[in-house]
Structures are given as structure tokens and as C-alpha cells.
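Numbering (our numbering), first residue to last: 1 to 569.
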């Protein structure tokens with residue numbers, strides 16, 4: 001299973017790297033057309049902030065519960081295919097249609113924009129999102145059968161089609177908003193056709209054991225749910241439907257709490273703030289989307305597997321201890337007299353057994369510790385080097401713009417990504433190991449953190465604009481990160497495992513902070529001119545190579561342990 005998880009992360013990184021890098025370059029090009037030449041701030045804000053937020057909300061409300069529910073079950077059994085094609089189409093019909101209509105009406109009534117054809121563009125966006133939901137049953141089948149290469153091929157082709165159509169429409173018709181909407185529609189359409197035809201033609205999926213109505217082109221008729229079957233579900237399907245409902249409610253709750261800042265930003269109806277924040281989000285989160293988000297999915301699977309194995313070991317140990325106690329009671333009844341020497345020997349044996357058990361527990365946590373350390377290094381590299389080189393980036397990639405303001409905002413966004421990454425890995429761990437009572441407590445605390453977040457936004461955003469909004473995000477992630485870090489610490493110490501293994505080598509940590517100080521202190525070369533920028537760039541390359549050398553020297557064993565194929569279960 002670990003090898004499959006590594007394969008999944010590799011495919012996801014390749015997919016995200018190709019699609020996000022291409023879309024990132026096109027966003028810069030659209031920015032140059034709309035924001036610099038025409039000063040069309042509203043159109044750029046719609047493309048980079050408002051439309052993606054609406055699309056993410058529709059997809060998360062409609063399909064996230066189905067994905068999480070089927071990821072937690074053994075869907076590799078082909079007997080569950082009828083269950084998938086009975087339950088999952090509900091994400092598109094009727095829930096996808098209902099959410100799309102409600103979103104369309106709410107956004108159209110309070111959009112605050114006078115753009116022509118805005119209702120047509122919004123309707124096309126909602127229809128495009130619904131079309132992507134139609135392909136959800138095929139996606140879940142491919143993921144459950146561990147066919148990660150299919151996702152890379154289908155979504156990679158869809159991303160290329162989206163980019164080419166976007167370029168051609170803007171190039172020859174000069175209609176950026178229509179280009180964005182039509183390219184998204186083509187992307188969703190190719191995703192649907194790609195997953196569907198792979199399901200029909202892939203030899204790994206085709207099987208004689210499948211029912212006749214799930215073979216060939218008849219499978220496309222299964223995207224329309226059969227509501228009669230919903231009243232005659234078996235027990236497993238009913239439990240799955242309940243699980244989908246609970247996960248959907250939880251995901252809606254978490255999505256609203258995590259994106260409450262973006263929702264509040266929409267209420268300001270300030271396209272200038274939305275445009276600048278959208279640009280900072282696209283540039284600052286590029287590394288997150290390419291590297292961290294694929295690793296995040298892998299981490300969730302890895303931690304879930306490790307925690308499940310630990311819980312099984314706990315149950316086995318409790319059973320063994322109960323059996324030993326019963327045997328001891330029987331032995332005491334049979335023989336009450338025992339010498340003191342035998343008691344001392346037994347005590348020593350017990351101590352040895354306990355130490356061995358602790359070592360086994362520690363081995364169980366090794367990969368989790370190493371994942372935390374890997375994520376810390378990713379966060380450090382990305383935030384420190386990114387925040388120190390945003391001015392260079394904006395100077396060479398963006399012409400005739402307010403460089404100083406945008407580079408400062410993007411630099412702060414890179415710092416914000418450090419808190420996002422560290423808070424995200426802790427939150428994933430907390431969700432994986434929490435009991436029902438702890439999950440309820442965590443949800444209450446999320447509500448409290450969201451209240452503080454709203455207070456931070458209304459305190460800083462009206463005064464400082466996009467900079468104040470990013471500052472509020474940093475404060476929110478730091479407050480919630482403190483709680484998640486404390487929960488993680490308490491969980492590890494409850495197993496009597498040394499928490500020091502969580503941290504990097506002290507020499508690597510000192511090197512990280514030392515290099516961060518060097519980069520920050522050398523930033524005054526920005527204002528000297530071309531030679532100053534060149535000096536700062538050379539210093540950055542030297543610091544990067546130096547830090548890579550430190551990491552390789554002192555963390556080489558840990559990465560070998562993380563990538564090893566030996567079973568730690």
C-alpha cells in the first residue's frame with residue numbers, strides 16, 4: 001500500500017505541476033491584457049477570484065462527501081460498482097442542479113457589477129461545474145481501483161485543451177471573460193468523456209463479473225440516478241448513503257469556516273482588492289498547488305493507515321493483557337508460594353517487554369515524524385525564498401504595474417503560505433486521530449477561530465486593503481496552528497514516544513534561520529539597480545545550495561527511511 005501511495009503522490013505532482021504552471025502563465029498574460037492595458041479590474045477580479053471561488057464552493061458542496069465516504073471503504077471489490085453508480089450520480093442530479101441554481105440566483109442578485117453578459121457568463125460557469133460533477137462516478141471508480149495514471153492522462157489532456165482554447169479565443173477575439181468560461185466548459189467536457197471512455201475501454205476495468213447495465217456505452221445512462229432503486233437499497237448501500245450525508249455536512253461546515261474570509265471579501269464588492277488578492281493568491285500558492293496539495297492527499301492516506309494499525313495493535317495488546325491476567329489468577333490459585341528470585345526475574349522480563357513495545361510504537365511513528373519534517377522543509381524553502389524574490393519576479397514578469405505594492409503583497413502571501421502548510425499538516429493529523437468527542441470539540445474551536453478571523457478581517461482589511469486581508473489570514477492560521485500543534489504534542493506524548501524526533505536536526509534548524517537572516521538583510525540591494533538585483537540573486541543561489549547541502553548531510557538517513565519499501569507495520 002505504501003508503494004501505491006508513493007505512486008499516487010508522484011502522479012499528482014506531475015499532474016499539478018503541468019496544469020498549474022500552464023494556467024499560472026496564462027493568468028499572468030490575462031493580467032497583462034486586462035489590468036495593465038485596459039485597466040479592466042472587474043474582469044480580472046472575476047477570472048482570478050470570484051469565479052474560482054464559486055466553482056470551488058459548488059464542487060465542494062456537491063461531491064466532497066462522496067469522495068471521502070468511498071475513500072474510507074473497500075471499493076476495490078467489484079461488487080460495490082452498482083453501489084457507486086446508484087449513489088454517486090446524486091451529486092449531480094439533483095444536488096448539483098439545486099446548488100447551481102441557488103448560487104446563480106444569489107450571485108446575480110448581489111454581484112455589484114455592471115459588466116455586459118455577466119448573467120450569461122455566470123450561468124455558463126454553473127453549467128460547467130455541473131458537467132464536471134457528472135463525471136464523478138467514473139472518477140471514484142478509477143481512484144478506488146488505484147488507476148492513478150488515468151487521472152493524470154485525462155485531467156492533463158483537459159488542462160491542455162483549456163489552455164489552448166483560452167489562448168486562441170483571447171488572441172483572435174480578445175474576449176477574456178468568454179475565453180475563461182468556454183475553456184472551463186471544454187475542460188469539464190473532456191474530463192467527462194475521458195473518464196467515461198477509459199471506464200469502457202481500459203482492460204483493467206472491463207470484467208465479465210460486472211452487471212450488463214454497467215458494460216459498454218450503456219454506462220453513460222447511469223449518470224441519471226434511478227430513484228426507484230434508492231428505496232430498495234441493501235444494508236451496505238444504506239450505510240454508505242448515511243456516511244456520504246455525514247461527510248457532506250462536515251465538509252460544508254469546514255469549507256464555510258475556512259473560506260469565510262473570501263466570502264467576506266465578496267461582500268466588500270471592491271474589485272481592486274479582489275484583483276490584487278487574486279493575483280497574489282495565484283502566484284503565492286503556485287508551489288502549494290504543485291507540491292504541497294498532492295503531498296497533502298498522500299499524507300492523509302499515510303496517517304490514516306498508520307493510525308488504523310496503531311489502534312489494531314492497541315486492541316491486540318489489551319486482549320493479551322487480559323489473557324495474561326486471567327492466567328496469573330489461575331496460577332495464583334494453583335500455587336501461592338513463589339520464591340523472591342523468580343519474582344525479580346519476572347519483573348526484569350516485564351521491563352524488557354515494555355521497552356520492546358515502546359520501540360515498536362516508536363517505529364510506527366517514524367514515517368509520520370519524517371513527513372512532518374519534510375513538510376516543514378517545504379514550507380521553509382517556499383516561504384523564505386519566495387518572499388525574498390517577489391520583487392525580482394514582478395520586475396521581470398509584470399510591466400507597467402504598481403510593482404512595489406504588488407511585490408509587497410505577494411511577499412507577505414509567501415509568508416502566509418508557511419502558516420498554511422504547517423497548520424494544514426497538523427489539521428490533517430488531528431482529523432485522522434480524533435475520536436467523535438474530540439472531533440466535536442475541534443469543530444467548536446473552529447467556530448471560535450472563525451469568529452476571531454472575522455474580527456481580524458474587519459479590523460485590518462478596511463484600513464490596509466489586500467495587505468490587511470493577508471495579515472488577518474496569517475493571524476488566523478497562527479492562532480489555530482497553536483491549538484493543532486498542542487493537540488499533536490499531547491497525542492504523541494500519550495504513547496510515551498519522544499517528541500524530539502518531530503523536530504529537524506539542530507544544525508539544520510540553525511542553518512535555516514541563518515540563511516533566512518542573510519536573505520532578509522541582503523534585500524536592500526533591491527534599490528541599487530541591476531547590479532544590486534544581480535548580487536541579491538547570486539546570494540540567494542548560494543544560500544539555496546548551502547541549505548540543500550545541510551539537509552542532505554544531516555537528514556539523508558531520514559529520507560532513506562521515508563522512501564524505503566520495508567514494512568513498518
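All C-beta atoms in this analysis are idealised placements derived from N, C-alpha and C, irrespective of residue type, glycine included.
Next item on the list: Taking 9 Å as the cut-off, decide whether the C-beta atoms of residue 184 and residue 67 are in contact.
Entry: no
Item checked: Three-way DSSP call (helix, strand, coil) for residue 269 in this model -> coil
Next item on the list: Just list the alpha helix (DSSP H) runs in the region 402-471, keeping only unbroken ones of 4 residues or longer that don't cross its boundaries, in chain order.
Entry: 403-433, 436-464
Note to self: Applying the 10 Å Cβ sphere with the 16-neighbour rule, what's the burial state of residue 427?
What the structure shows: buried
Next item on the list: Return the CA-CA distance between residue 484 and residue 423, expressed in angstroms with no decimal places.
Entry: 7 Å
Checklist line | Other residues of its chain near residue 175: CB distance less than 7 Å, five sequence neighbours each side excluded | finding: 169
Next item on the list: Could you check the C-alpha separation between residue 492 and residue 373 for me, to the nearest Å?
Entry: 15 Å
Next item on the list: Assuming residue 452 contacts residue 479 (C-beta within less than 8 Å), just tell me the rounded distance between them.
Entry: 6 Å
Item checked: Given residue 130 as reference, the closest of 140, 115, 154, 104 once Cα atoms are compared -> 104
Note to self: Using 8 Å for Cβ pairs, my map puts residue 191 next to residue 154. What's the rounded Cβ distance?
What the structure shows: 6 Å
Margin query: Whether or not the region 43-55 and the region 227-244 are in contact is what I'm after, with contact meaning three or more pairs of Cβ atoms, one per stretch, closer than 8 Å; do they touch?
Written below: no
Notebook entry, point to check: Are the Cβ atoms of residue 388 and residue 253 separated by less than 9 Å?
Noted result: no
Checklist line | Environment of residue 477 [buried if 16+ CB atoms lie within 10 Å] | finding: buried
Item checked: DSSP three-state assignment for residue 554, whether helix, strand or coil -> helix
Checklist line | Endpoints, alpha helix (DSSP H) assigned at residue 240 | finding: 235-258
Margin query: Determine whether the beta carbon atoms of residue 275 and residue 45 lie at a separation below 9 Å.
Written below: yes
Margin query: I'd like to know whether the C-beta atoms of residue 198 and residue 150 end up nearer to each other than 9 Å.
Written below: yes
Next item on the list: May I ask you to report which of helix, strand or coil DSSP gives residue 115?
Entry: coil
Notebook entry, point to check: If residue 140 and residue 88 are in contact, beta carbons under 8 Å, what's the gap, nearest whole angstrom?
Noted result: 6 Å
Next item on the list: Compare the C-alpha of residue 99 against each of 118, 115, 248, 62 and name the closest.
Entry: 62
Note to self: Our contact map puts residue 181 next to residue 26 with C-beta atoms below 8 Å; I'd like the distance itself, whole angstroms only.
What the structure shows: In fact, because the Cβ distance is near 14 Å, the residues do not count as touching under 8 Å.
Next item on the list: Less than 8 Å between the CB atoms is what I'm expecting for residue 96 and residue 133, so what's the real figure, rounded?
Entry: 4 Å
Notebook entry, point to check: Rounded C-beta distance between residue 415 and residue 378? I'm assuming under 8 Å.
Noted result: Not confirmed; about 15 Å, so no contact.
Check: Taking the C-alpha atoms as reference points, what is the distance between residue 222 and residue 234?
Finding: 18 Å
Note to self: Quick check on the burial criterion: 16 or more other C-beta atoms within 10 angstroms. Buried or exposed for residue 126?
What the structure shows: buried
Notebook entry, point to check: Can you name the start and end residues of the alpha helix (DSSP H) that residue 193 belongs to?
Noted result: 176-201
Notebook entry, point to check: Should residue 106 be labelled buried (16 or more other beta-carbon atoms within 10 Å of its own) or exposed?
Noted result: exposed
Next item on the list: Please name the residue in 535, 430, 510 whose C-alpha comes closest to that of residue 490.
Entry: 430
Check: Between the C-alpha atoms of residue 69 and residue 188, what's the straight-line distance to the nearest angstrom?
Finding: 23 Å
Notebook entry, point to check: When the Cα atoms are used, what is the spatial distance from residue 282 to residue 417?
Noted result: 12 Å
Check: Whose C-beta lies closer than 6 Å to the C-beta of residue 355 among residues of the same chain, with five residues either side of it excluded?
Finding: With a pLDDT of only 47 at residue 355, under the threshold of 50, the placement of this residue in the model should not be trusted; the figure read from the coordinates follows. So the list is empty, once near-sequence residues are dropped.
Notebook entry, point to check: Any idea what DSSP makes of residue 56, helix, strand or coil?
Noted result: helix
Next item on the list: Could you have a look at residue 135 and say whether DSSP puts it in helix, strand or coil?
Entry: coil
Notebook entry, point to check: Which residues in the same chain as residue 137 place their Cβ atom closer than 8 Å to its Cβ, once the five residues preceding and following it in sequence are excluded?
Noted result: 84, 85, 88, 89, 222, 223
Check: Do you know offhand how far residue 236's Cα is from residue 278's?
Finding: 44 Å
Check: Is the beta carbon of residue 261 less than 9 Å from the beta carbon of residue 42?
Finding: no
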